[in-house]
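Here is the structure we will look at, set down as structure tokens.
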């Protein structure tokens with residue numbers, strides 16, 4: 016593992032956390048599909064780092080944007096806090112992000 020972040024974030028179960036943040040079946044289904052896609056591509060450590068990044072930016076009052084490009088089509092990134100645009104609300108297709 017070459018991710019520069021504290022051990023607690025490396026060992027953090029991001030999939031479980033994201034699913035716990037979901038409200039209702041639609042969100043659970045979308046998050047589950049996306050998490051499987053991230054896992055198939057061995058990108059769960061990236062999600063852990065994104066969670067660490069958001070927590071660090073909050074802690075230090077660092078401002079970041081609402082989202083950019085195809086990343087706003089990811090509901091998981093929305094739940095983590097990277098994006099502030101809910102792709103379910105706008106019917107954005109997650110496959111746009113992983114092209």
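Residue numbers (my numbering): 16 to 114. Where a beta carbon is used, it is the ideal one built from N, C-alpha and C, also for glycine.
query                                                                                                                                                          : result
Extract the residue ranges of the alpha helix (DSSP H) inside the stretch 29 to 77, only unbroken runs of 4 or more that lie entirely within it.               : 29 to 35, 39 to 55, 59 to 74
For the putative contact between residue 100 and residue 42, defined by C-beta atoms under 8 Å, what is the C-beta separation to the nearest angstrom?         : Their Cβ separation, rounded to whole angstroms, is 15 Å, which puts residue 100 and residue 42 out of contact at 8 Å.
I'd like to know if the stretch 62 to 77 and the stretch 21 to 28 are in contact, where contact means that at least 3 CB-CB pairs between them fall below 8 Å. : yes
Taking C-beta to C-beta, are residue 86 and residue 92 nearer than 8 Å?                                                                                        : yes
Rounded to whole angstroms, how far is the Cβ of residue 30 from the Cβ of residue 50, which I believe are closer than 8 Å?                                    : 5 Å
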